[in-house]
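A.B. asks: Numbering (the working numbering), first residue to last: 1148 to 1458.
The following block contains the structure:
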């Protein structure tokens, strides 16, 4: 693949991800200038691009600075444009490598486990009288938690940092990644929009997280009082914590005789996305990952399954 073909592929990738034409033009100008400089001054071929790093970009920018007085902000922008292209190119190269995958089938929630988990959340089997009385209040919340991990790839950290500022009940768009450099917008399905609204409305007004506030979307429930909990220290609904999510899944696992974790649910989201033909770079954006390298084991595992006609 020539440099022109590589930049054209990256052009299509940026367009697919909603970049404005003006932004794409600036990106491609800086990328092509860098590639021309490499060919002229460094004698670097396309096969060696994967060996380049930040030092090479900085060397190029230093040469620009010596020829023309650029503002630091302009140089920083050029650095970001070039680095994004190299990250993309490196991902395409690395994906084609075939190291043995460390992932196994039990690292992914199975269809049977998912069905049993979602069914047991709605079931009253194996519950004490006290638990059964409180169950109607948490069915939608717990189902929504599982859906967010399985169908949208949210991590536990994403779930517990999701506030009402990050939720648009009208459009069904959520923006997880409060603590991430790469917050992303996710459009919920119609069914999950209804589920979200049902969960939200079943919380009494006085305890309900306020829209456009820093209140957590997912809040804790008190089985003894049969009510959602209020944190008087925060003067806000009590957030549902990471530990509480883990315990919730452990209890449902025991009732359903399965072993599902937040990790196996999120892993299944990644595997499903690869099966559906979604580009790894797009999956990286969907998950808010800083680097596509963390996806390589999943890609290798997916390729192993495909070679055995298991997917």
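Here a beta-carbon is modelled for each residue, glycine too, at the ideal position from N, C-alpha and C.
Kindly indicate which three-state DSSP category residue 1155 falls into: helix, strand or coil?
C.D. replies: It is helical.
A.B. asks: Write down every uninterrupted run of the alpha helix (DSSP H) in the stretch 1272-1318 whose length is 4 residues or greater and which is fully enclosed by it, in chain order.
C.D. replies: Entirely contained in the stretch 1272-1318, the alpha helix (DSSP H) runs reaching 4 residues are, in chain order, 1276-1299 and 1303-1307.
A.B. asks: Since residue 1256 contacts residue 1412 with CB under 8 Å, what's their CB separation in whole angstroms?
C.D. replies: Confirmed, about 5 Å.
A.B. asks: How would you label residue 1435, buried or exposed, when you count the other beta carbons within 10 angstroms and need 16 or more for buried?
C.D. replies: Buried: at least 16 other Cβ atoms inside 10 Å.
A.B. asks: Given a threshold of 16 other Cβ atoms within 10 Å of its Cβ, counted over all protein chains shown, does residue 1353 qualify as buried or as exposed?
C.D. replies: By the 10 Å Cβ count, residue 1353 comes out exposed.
A.B. asks: Once you ignore the five residues that flank residue 1456 on each side, which residues in its own chain have a CB closer than 8 Å to its CB?
C.D. replies: Excluding residues within five positions, none has a Cβ falling inside 8 Å.
A.B. asks: Pick helix, strand or coil for residue 1390, following the three-state DSSP scheme.
C.D. replies: Reduced to three states, the DSSP call for residue 1390 is helix.
A.B. asks: Whose C-beta lies closer than 6 Å to the C-beta of residue 1376 among residues of the same chain, with five residues either side of it excluded?
C.D. replies: Closer than 6 Å at the Cβ level, and outside the excluded window around residue 1376, lie 1367, 1369 and 1385.
A.B. asks: Once DSSP output is grouped into helix, strand and coil, what is the label at residue 1323?
C.D. replies: In the structure shown, residue 1323 sits in coil (DSSP, three-state: anything other than H, G, I, E or B).
A.B. asks: What first and last residue would you give for the alpha helix (DSSP H) that runs through residue 1262?
C.D. replies: Counting along the chain, the alpha helix (DSSP H) containing residue 1262 begins and ends at 1258-1269.
A.B. asks: Three or more beta-carbon pairs under 8 Å between the stretch 1300-1320 and the stretch 1274-1289, yes or no?
C.D. replies: Verdict: no, contact absent.
A.B. asks: Measuring straight from C-alpha to C-alpha, what distance separates residue 1245 and residue 1169?
C.D. replies: Low local confidence applies: a pLDDT of 47 at residue 1245 is under 50, so the model's placement there is unreliable, and no value is given.
A.B. asks: Would you check if the stretch 1310-1319 and the stretch 1270-1285 touch, i.e. whether three or more CB-CB distances between them fall below 8 Å?
C.D. replies: Too few Cβ pairs lie closer than 8 Å, so no.
A.B. asks: Below 8 Å, can you find three or more Cβ-Cβ pairs linking the stretch 1435-1450 to the stretch 1217-1231?
C.D. replies: The stretch 1435-1450, when compared against the stretch 1217-1231, does not touch it at the 8 Å Cβ threshold.
A.B. asks: What separation, rounded to the nearest whole angstrom, lies between the Cα atoms of residue 1414 and residue 1342?
C.D. replies: Between residue 1414 and residue 1342, the C-alpha separation is close to 23 Å.
A.B. asks: With DSSP run on the structure shown, which of helix, strand or coil describes residue 1114?
C.D. replies: Since the first and last residues shown for the chain are 1148 and 1458, residue 1114 lies out of range.
A.B. asks: In the DSSP output, which residue or residues are listed as bridge partners for residue 1332?
C.D. replies: The partner list for residue 1332 (beta bridge, DSSP) is empty, contrary to what the question assumes.
A.B. asks: Find the nearest neighbour of residue 1391 within the set 1382, 1372 and 1365, judged by alpha-carbon distance.
C.D. replies: Ranking 1382, 1372 and 1365 by Cα distance to residue 1391 puts 1365 first.
A.B. asks: Go ahead and label residue 1214 buried or exposed: buried means 16 or more other beta carbons lie within 10 angstroms of its beta carbon, across all protein chains shown.
C.D. replies: It is exposed - the Cβ of residue 1214 has fewer than 16 other Cβ atoms within 10 Å.
A.B. asks: Helix, strand or coil, according to DSSP, for residue 1426 in the structure here?
C.D. replies: If DSSP states are grouped into helix, strand and coil, residue 1426 belongs with coil.
A.B. asks: How many Å lie between residue 1378 and residue 1356 at the Cα?
C.D. replies: So the two alpha carbons sit approximately 12 Å from each other.
A.B. asks: Kindly indicate the opening and closing residues of the alpha helix (DSSP H) around residue 1356.
C.D. replies: Looking at the DSSP string, residue 1356 is not in any alpha helix (DSSP H), and its letter there is neither H nor E.
A.B. asks: Alpha carbon to alpha carbon, how far is residue 1151 from residue 1298? Give it in angstroms, no decimals.
C.D. replies: So the two alpha carbons sit approximately 37 Å from each other.
A.B. asks: If I follow the unbroken alpha helix (DSSP H) through residue 1405, where does it start and stop?
C.D. replies: Residue 1405 -> no alpha helix (DSSP H), and no H or E assigned at all.
A.B. asks: Helix, strand or coil, according to DSSP, for residue 1171 in the structure here?
C.D. replies: Residue state, collapsed to three classes: helix.
A.B. asks: What do you reckon, are the CB atoms on residue 1264 and residue 1420 nearer than 8 Å?
C.D. replies: Contact flag unset, no.
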